């Protein structure tokens, strides 16, 4: 079954149920394509976040910041 046949079947079912008819095949193709291209461009403009690394654990105190001892 192709898209046109499916659309005709859906239109028939909607008419029998007193519902609104579905949109024709391809009615939103250009809008969907435009939105997809906009989304893709916005993804290229925003870089991916940098990978998180494990925090550095210091085991020894830092002595180069301490004041020198006076004799």
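Residue numbers (full-length UniProt numbering): 1 to 71. A virtual CB, placed ideally from N, CA and C, is assigned to each residue, including glycine. A quick note: this is a predicted structure, and the numbers were derived from the prediction, not measured.
- In this structure, residue 14 sits near residue 20, with a CB-CB distance shorter than 8 Å.
- DSSP, read as helix, strand or coil, puts residue 32 in helix.
- Following the DSSP letters along the chain, one finds residue 11 inside the alpha helix (DSSP H) bounded by residues 3-16.
- Cβ atoms of residue 25 and residue 4 come within 8 Å of each other, at about 6 Å.
- Within the model, the alpha-carbon separation for residue 34 versus residue 44 is close to 16 Å.
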